[in-house]
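Protein chains in written order, with UniProt numbering: chain A, 1 to 650; chain B, 1 to 832.
Here the structure is laid out as structure tokens; the discussion comes afterwards.
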Amino acid sequence: MGEFKVHRVRFFDYMPSAISAMAFNVHTERLAVARADGTVEIYNFADNCFQEKVIPGKDGRTVEALCWAGQRLFSTGLNGEIVEYDLENLRSKYTVEAYGGPVWTISSNSQGTQLAVGCEDGTVKIFELVEDSIQFQSNFDRLKSRVLSLSWHPSGTQIAAGTMDMIRVFNVTTGHATQRMMVDRAAGANKKKEVAVWSVVFLSDNTVISGDSAGKVQVWDSQMGTLIRTHLVTKWDVMALAVSRDESSLLAGTSEGSVVQFQFISARLDQPDKEWQRTRTLRSHSHDVRALVHTDTAAVSGGNDAHLVVRPFMEKVVKGSKESAPCKITFPHRSLVSCGKKAGILLFQFPERLEVWRLGESNENGEELSVTKKPEALIHLKRKGDDHICCSTLSPCGGWLAYASASSVRLFQLQYDNDSIALTKVEMGPLHVLLWFVFFVPHYLPSPSPPPPEVSKQAVHLMSTSDDGQWLATANSDCEVHVYNLKKLKYHCTVPVYGSCPSAMAIHPTGSNVVMVHADQKIFEYSLEQKEYTEWSRSLAKKGLHGSWLNRVAPVTHVSFSASNPDYIILHDMNMFCIIDKSLPLPEKDSDLVGAETQLISNSSVFPSVFKNLLCVGLMEDHSLVVVERPLLDIATRLPAPVRQKKFAT
Amino acid sequence: MVAHADTRVVHRGGSKINFRAPVITQDSRFLICVSGECIKVFSTSTEECIHHLQGHKELVTGLVLNPSNHLQVFSCSEDGTIRLWDFTDGPFATFGLVSLNLPPSVEQHVMVKGHTIVFQSVSTDPKCIAFGQGVRMHALTHSLTHSLTHSHTVFGWCTMFALGTSGEMAARNAFTCVACHPKDDCIATGHGDGKIRLWRNFNQEKEYTFSTVHWHHSGVNALCFTPEGTNLLSGGLESVLVQWRYGQEGQKDFLPRLGSSIKEIVVSPDGSLFCTSHTDNKITVIKNCTKVSAVIQGLVHGDGVKTALMVDPRTKALVLNGKPGHLQFYSLQRDQQLYNLDIVQQEYINQSNLDQFEVVKAALDSRGSWLATVEQRSAKEVEISLKLWAFDEHTQSFVLNTTISAPHDGPISEICFSPSSQNSTTLVSVSLDGHFKAWQLTQPDPSDDEEASWSCDFVGDYHSLEPKCCCFSADGSLLAVSFKEVVTVWSPASWDLLTTLSQPPGAIQDLCFGRLSCSKYLLGATDKNLCCWNLLTCSLEWSTALDVSLLLADPLSENVAAFCGAEKTTDLFVFRPSEPRPHFSQQALCTGRVTRAVFAPRDEPLDGCEESSQWLNRSQLYFLTHNMELLTFLTKPEEERLMALSKQVAPTIDDSVAMTPFYLLLGKHRKRQEEERDILSSQSGVRNLLPQGSVAIKEVGDHGDDVHSILLSEQPTEVEMESEKEEEDSEEEGASVPPRPEHESSDTGAKLGPVLTKAEHRELRGVKKLDYSWIRGLVTSNPVVNTTKQMVKTPKQRVKTPKPMAKTPKPMVKTPKPMVKTTKPMVETTNP
């Protein structure tokens, strides 16, 4: 396998943004996650929680709440606007001003025909969904304080609204409040502080469950307006509630970072009376849990520590299956780093800027090398405009740099002699094809003539060119991989569609084979010249991959090849990287894999213990390996301090 | 193996009362707990032991109330029987009503529910089984497989829940105990990491769920729901009883400072009393959830007894390590702890891996007026201090007299007092630093106000070898100290080295002088041989190949007991140094090595033994097995007497016994007898008059025979004196009766009748002693009628009437009783 000189890069100070809202579409199994910087991400829960789409954020746009109405995704924020997203082109479709000050919450009825928004001025506004737009319908009775949470009754006739100190139940048709339920304030010193009802849930048996800033989860009878039961969950706030579809289980997310489960169970087998019992406590966050989703098999939580955590309920899943593995998503499932292979420079992408670094050097040999020449930041390039950078790339020679946002693509030429660096902007013609770039922008895909007739409208999320500039492969979220011949500017072929989205893809530098790794961890190799799967890929498919490889949670985000040995394929995901040697025989399917040097597919080495939290693994021209790590501890130290909790023996 | 039909090894006194969870009766007035081979019934209000239920032949392993009659209790034992006892109706019914023969491998707590379910591979700890809602639900835990099995007898299903068994968590979250909610479908389990899980909704196959509460920092040892199911009690190492509100587990109450780690929790059926049993063999009764109302303390079984077992000559109490840093004085006769003496006088911190001072050696002088203790801490370097305690007559306890810090440079391997009867006693300490030191009480100048204190008198060594053990001869004129293979004999008077004895190979492990007629012999044990030297000829008399772990001389006879380690068991040989054949030998006495044993002198010599158990006549041999069980030998006559006695003890201690028809029937009969007795004397009346302050008095007061004998001693009838003196002479010819220690009687006598002088007492003591044996002799030889008539000169001739009342099959034991009764009024009349 050989030895590599490894550049262990830890100077990419990437900070994921806090999760502020989530919405789950049960029918399509898509989870929409909104972050504090306005980014909205779509995860496909049917496909191994793969991050399918990313709608980049925009300065000045925050997302307080998200909701699905059928296939349409809406969000609101404190700028007072309602935004509908274009999920094909990955940008906002239109915005509607709600005229009620900052909008705290949005909720759609179960039929997907009406939207209710809660505003700072105390109004609840109903919008009707029409084709390609929404239309204001009515205002409910105005309340005295801001509306923080809303929940529709499943029948669509009533809405529960959580405000300061109070929960109101509205009749949707008349717009009048029918019940008023006062929420107790916290005891002691916080008696004077108003209680914010951060979250309400309206169940079909007319029970309303509320979570408030005094740390209580309260069960109310909405018909009588009476309190049934109080569970004191935390000393701090209960920020989010989520109920399962069958209304037998409820999750409450707290500011301590724990998620508490309640279950609707009877005390005895022979008694029909059921009540909400506190059962499990899941501790997967260090900071506030801001958003919660209860899927059929798992609790999905996100919060200020920017982790998206999927915790399956063990009684709902088959033990040992892929579904039973808890999953923590911190890094995006796309590359934020590009390597200038020949020049030994790295490009790091942030939402608002780009950074170009030169790698350090060392003259020593041995296990651990001391750096003689320190890595150096060459360029800090700030973007223009409000739109966040959504993708960027660096040419292998290091002479060209390009980035794109939702509105524009910019190309720069880099020139450096030892110390001085010159960056010149290059104006692009509409069909200025940049052969050595890999662009992830769907809109600017150089559209060769004619495009294949059956190509889907979904955005391309992966592109790869061959080193000789002959081939271009694109993948979109409908799982299609199209190959174009760039020299002829013609559509070449389409790889047979596989049911899972490709998470990483690369064209082999010599063999003109494209290697694809899908979100379900399957690996395929497709010969572009023969237009069929290669022999190795077939034998791999026949034999099947090893269970411990298939049960990994994080998708492979990068594929690269070794220039010295064409049989090597280098793969990495967030937790490990491995090198596959195609020339070696495949291991038995149910053989034990022990130790670091495990054989997963063919004779491959996995390095899970040495390198962690990987953002990029790339092979440079001089056979040195660049490993870009972002330790989670570094991220945690840059977060604001969590709420104080009493620990044992302190 | 030699079969001894007339002696057997029993748990008697100091057995574990925390071995199994105690049982509180329906009316919460009695607490029933196992205690070795018998069952004890305590009053929850007075802490008094009311009944001993005897009948099992082996260790009792389980107790449960009879669900159909709450005045009865079932017990099961390692002898393979289940017995049903009637514990309230007094002694007349305390025999086994039911005896059921089971295979002798029954180790499991048996629940009598009228169901037959066989569970396989259940942990043998009864904490792992719980029953809920009558018989509807069972829960079992397996700590090894990390799973909880739940079965439903009505619906007949059985579910198993498992926790993760791999990784670091698994090592800590093993199940430790389980409890079922009495009403709801809820099972509480305690775990090794201190968490309590409440399992619910387990009637569906996979939909079970649990919630976790966590307060304990180490494993949860006990869990119990209150009868209404409103509270859950838990306890563990922290010695805090935690009360969780069922349904609102966030709220909890604590009852801290219960003394030691909680082992079991039991709640009375009406929920008013909680009862916690602790690892230091203590049962605490808690009233109204908040107040400790009674503490029943048994013999503290620590992790290991470092000191030798001793018998306090004053109180006849067994002295050994108790709580950490304490010595406990435990009365074997009353089976009750008398008091704890804080030796270390430092706070004990309940934390593992923390080196703290421990009492490693202790010695009492022959009169019980001095106590020497050695405490040691081996944190980095060995820290030792030697403390000497004087007995204070006023407070009736030991008071610290002298503290010698660092008496030796190395750990002290043995200390002993010289048995010389003069006022000045000598303490010898032997240390691994190569020296032995003699310490003596030095009287200060009368001008100073200081008290007498101890100081070093002599430092001895021998060729800079390491000494191991030391021993004084019975008269205190010789001191033997062993240095490796060599035994050196010194004269304590002049500190001259008299002679050396050696019998290689092997270092001397234990030394012991013969007593009485065999006092010319010195016994030494190496790890391979047992040697006997004749000190008159300074030559080896005999030696034999034995791996002796402990050599012990009976202070009242020539007998020497040697515990020998065979493969994994221990054999016992009892012999006289002068005779080559052992009197008694028992192989496979117990598993493990016996390193602690003591001869406890009997209050009265035992008669009627067979030859093989003659050696038990004057003293009783107690020994500690390596798992800290105190065992002793019980001879057959003694056993019979005890059985009879247990039926004899009248239930006058607690008069508020529940009225059952059986009780009424018997009660009528007994009342008549009691009326007669009341006229003569009221035993309980005498008892109430006794001052409660003195430990010695208390100890004597409870023991019926003692009272009788003392009372007997206090009737100075001249006629008897003369006749007894003759008897005394004749007795002395036998020369087998050693002089009995006299402090006890003088103490008690002084308290009972302050008019009598000390000299008179001594006289009376002798009279009493002989008086008793004399009566016994007469009783056994049957010309009883004449002598009793002669003795009883009081006009109360009703003595005769109780006689036919003796219903027990042993008239021999019964007959002394009426005489006691006649004597009592005499005491009352003479004292004023």
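Glycine included, every Cβ here is placed at the ideal spot set by N, Cα and C.
### Message
Within the continuous alpha helix (DSSP H) that includes Arg-638 (chain A), where are the two ends?
### Response
Here the question's residue 638 (chain A) lines up with position 638 in the first sequence. Run containing Arg-638 (chain A): 632-638, per the alpha helix (DSSP H) assignment.
### Inter-residue spacing [alpha-carbon to alpha-carbon] between Lys-287 (chain B) and Glu-264 (chain B)
One-based indexing of the second sequence puts residue 287 (chain B) at position 287. One-based indexing of the second sequence puts residue 264 (chain B) at position 264. Rounded to whole angstroms, the gap between the alpha carbons of Lys-287 (chain B) and Glu-264 (chain B) is 16 angstroms.
### Query
Assuming Gly-122 (chain A) contacts Leu-143 (chain A) under a Cβ cut-off of 8 angstroms, what Cβ separation, rounded to an integer in Å, is found between them?
Taking the first residue of the first sequence as position 1, residue 122 (chain A) is located at position 122. Taking the first residue of the first sequence as position 1, residue 143 (chain A) is located at position 143. At roughly 4 angstroms, the Cβ-Cβ gap stays under 8 angstroms, so Gly-122 (chain A) and Leu-143 (chain A) are in contact.
### Query
Nearest-angstrom Cα distance between Ala-69 (chain A) and Tyr-491 (chain A)?
Here residue 69 (chain A) corresponds to residue number 69 of the first sequence, with the count starting at 1. Here residue 491 (chain A) corresponds to residue number 491 of the first sequence, with the count starting at 1. Taking the CA atoms as reference points, Ala-69 (chain A) sits about 37 angstroms from Tyr-491 (chain A).
### Query
Counting only runs that start and end within the region 218-281 of chain B, where is the alpha helix (DSSP H) found for 4 or more residues in a row?
Look at the region 218-281 of chain B and you find no whole run of alpha helix (DSSP H) that is 4 residues long or longer.
### Query
Mind listing which residues of the region 276-290 of chain A have their C-beta closer than 8 angstroms to chain B's C-betas, in chain order?
Within the region 276-290 of chain A, those residues whose Cβ lies closer than 8 angstroms to any Cβ of chain B are, in chain order, Gln-277, Arg-278, Thr-279, Arg-280, Thr-281.
### Task
To the nearest angstrom, report how far apart Cys-177 (chain B) and Val-233 (chain A) are at their CA atoms.
Numbered from 1 along the second sequence, position 177 holds the residue referred to as residue 177 (chain B). Numbered from 1 along the first sequence, position 233 holds the residue referred to as residue 233 (chain A). The C-alpha of Cys-177 (chain B) lies about 27 angstroms from the C-alpha of Val-233 (chain A).
### Query
Touch check for the region 58-68 of chain B and the region 5-23 of chain B: three-plus C-beta pairs under 8 angstroms?
Output reads yes: the region 5-23 of chain B touches the region 58-68 of chain B.
### Message
What does the alpha-carbon distance come out to for the pair Cys-224 (chain B) and Cys-180 (chain B)?
### Response
If you number the second sequence from 1, residue 224 (chain B) lands on position 224. If you number the second sequence from 1, residue 180 (chain B) lands on position 180. The straight-line gap from Cα to Cα measures roughly 8 angstroms.
### Task
Given a cut-off of 8 angstroms, decide if Asp-392 (chain B) and Val-399 (chain B) are closer than it, judged by their beta-carbon atoms.
The count along the second sequence starts at 1 and reaches residue 399 (chain B) at position 399. The count along the second sequence starts at 1 and reaches residue 392 (chain B) at position 392. Closer than 8 angstroms, so yes.
### Query
In chain A, which residues lie with their C-beta within 7 angstroms of the C-beta of Arg-172 (chain B)?
Reading the second sequence from its first residue, position 172 is the one you call residue 172 (chain B). Residues of chain A passing the Cβ test: none, with the nearest at roughly 14 angstroms.
### Query
Using a Cβ cut-off of 7 angstroms, which residues of the UniProt repeat "WD" (213-244) of chain B contact any Cβ in chain A, in chain order?
Result list: His-217.
### Task
Step through the CB atoms of chain B and report whether any lies within less than 8 angstroms of the CB of residue 686 (chain A).
For chain A, the structure presents residues 1 to 650; residue 686 (chain A) sits outside this window and is missing.
#### Entry: Where Leu-359 (chain A) sits in the DSSP three-state scheme
Sequence index remark: in the first sequence, residue 359 (chain A) carries index 359 (1-based). Note: Leu-359 (chain A) maps to coil in three-state DSSP.
### Task
State the beta-bridge partners of Asp-417 (chain A) as determined by DSSP.
Position 417 of the first sequence, counted from the first residue, corresponds to residue 417 (chain A). The partner list for Asp-417 (chain A) (beta bridge, DSSP) reads A:Ser-420.
#### Entry: Any C-beta of chain A under 8 angstroms from that of Tyr-208 (chain B)
Start at 1 with the first residue of the second sequence, and residue 208 (chain B) comes out as number 208. Yes, contact with chain A.
### Query
Is the CB of Ile-167 (chain A) under 8 angstroms away from at least one CB in chain B?
Looking up residue 167 (chain A) in the first sequence gives position 167. Not closer than 8 angstroms to any Cβ of chain B, the Cβ of Ile-167 (chain A) fails to qualify, so no.
### Message
Between which residues of its own chain and Asn-109 (chain A) is the CB-CB distance below 6 angstroms, once the five residues before and five after are set aside?
### Response
To locate residue 109 (chain A), count along the first sequence from 1; it is residue 109. Counting only Cβ-Cβ distances below 6 angstroms, and skipping sequence neighbours, we find Trp-152, Gly-156.
### Pick from A:Gly-175, A:Ser-213, A:Met-181 that is closest to Lys-191 (chain A), judged by C-alpha positions
Residue numbering aside, residue 191 (chain A) sits at position 191 when the first sequence is read from its first letter. Distances from the alpha-carbon of Lys-191 (chain A) to those of A:Gly-175, A:Ser-213, A:Met-181 put A:Ser-213 closest.
### Query
the ligand GDP heavy atoms versus the CB of Ser-17 (chain A): any closer than 7 angstroms?
This structure lacks the ligand GDP, and indeed carries no ligand of any kind.
### Message
If contact is defined by three or more beta carbon pairs under 8 angstroms, each pair taking one atom from either stretch, is the region 46-55 of chain B in contact with the region 288-304 of chain B?
### Response
The region 288-304 of chain B vs the region 46-55 of chain B: in contact.
### Query
Between the region 24-42 of chain B and the region 265-272 of chain B, do at least 3 Cβ pairs fall closer than 8 angstroms?
Short answer: they touch.
### DSSP state of Asn-401 (chain B) mapped onto helix, strand, coil
If you number the second sequence from 1, residue 401 (chain B) lands on position 401. The answer is strand: DSSP assigns Asn-401 (chain B) an E or B state.
### chain A contacts from the region 332-364 of chain B (Cβ-Cβ distance under 7 angstroms)
Shown here is that no member of the region 332-364 of chain B has a Cβ falling below 7 angstroms from a Cβ of chain A.
### Message
Can you confirm whether Arg-268 (chain A), when its beta carbon is compared against all beta carbons of chain B, has any partner nearer than 8 angstroms?
### Response
Locating residue 268 (chain A) in the first sequence gives position 268, where the first residue counts as 1. It does: the Cβ of Arg-268 (chain A) has a partner Cβ on chain B nearer than 8 angstroms.
#### Entry: Segment contact flag, the region 611-629 of chain B with the region 586-601 of chain B, C-beta cutoff 8 angstroms, min 3 pairs
Under the Cβ criterion (8 angstroms, minimum of three pairs), the region 611-629 of chain B counts as touching the region 586-601 of chain B.
### Query
In whole angstroms, what separates the C-alpha of Leu-625 (chain A) from that of Asp-288 (chain A)?
Translated into positions along the first sequence, residue 625 (chain A) becomes position 625. Translated into positions along the first sequence, residue 288 (chain A) becomes position 288. Rounded to the nearest whole angstrom, the CA to CA distance from Leu-625 (chain A) to Asp-288 (chain A) is 38 angstroms.
### Task
Tell me whether Tyr-99 (chain A) is buried or exposed, calling it buried when 16 or more other Cβ atoms sit within 10 Å of its Cβ.
Mapped onto the first sequence, residue 99 (chain A) falls at position 99. Exposed: under 16 other Cβ atoms inside 10 Å.
#### Entry: Residue ranges of each beta strand (DSSP E) within the region 182-212 of chain B, 3 or longer
Under the rule that a run must span 3 or more residues, the beta strand (DSSP E) segments found entirely inside the region 182-212 of chain B read 186-191, 195-200.
### Query
Roughly how many angstroms separate the alpha carbons of Glu-450 (chain B) and Gln-443 (chain B), rounded to a whole number?
Taking the first residue of the second sequence as 1, we reach residue 450 (chain B) at position 450. Taking the first residue of the second sequence as 1, we reach residue 443 (chain B) at position 443. Going from the Cα of Glu-450 (chain B) to the Cα of Gln-443 (chain B) covers about 9 angstroms.
#### Entry: Proximity test, Cβ basis, 8 angstroms: Ile-265 (chain A) and chain B
Within the first sequence, numbered from 1, the residue matching residue 265 (chain A) stands at position 265. For Ile-265 (chain A), the nearest CB of chain B lies under 8 angstroms from its own CB, placing it at the interface with that chain.
### Message
Among the candidates B:Gly-434, B:Ser-418, B:Ala-308, B:Thr-569, whose CA atom is the shortest distance from the CA of Val-374 (chain B)?
### Response
Here residue 374 (chain B) is taken as the residue at index 374 of the second sequence, counted from 1. The candidate whose alpha carbon is nearest that of Val-374 (chain B) is B:Ala-308.
#### Entry: Contacts that Leu-87 (chain A) makes with chain B (C-beta to C-beta distance below 7 angstroms)
The residue you call residue 87 (chain A) lines up with position 87 of the first sequence. For Leu-87 (chain A), no chain B residue has a C-beta closer than 7 angstroms to its own C-beta; the minimum C-beta separation is roughly 36 angstroms.
### Query
Roughly how many angstroms lie between the CA atoms of Ser-477 (chain A) and Lys-216 (chain A), to the nearest whole one?
Here residue 477 (chain A) refers to the residue found at position 477 when the first sequence is read from its first residue. Here residue 216 (chain A) refers to the residue found at position 216 when the first sequence is read from its first residue. Computed Cα separation, rounded: 42 angstroms.
#### Entry: Residues of the region 309-329 of chain A whose Cβ lies closer than 7 angstroms to any Cβ of chain B, in chain order
Along the region 309-329 of chain A, the positions whose C-beta sits under 7 angstroms from a C-beta of chain B are Glu-315, read in chain order.
### Message
Contact criterion: CB-CB distance below 8 angstroms. Does Gln-645 (chain A) meet it with respect to chain B?
### Response
To locate residue 645 (chain A), count along the first sequence from 1; it is residue 645. False, the Cβ-Cβ gap to chain B never drops below 8 angstroms.
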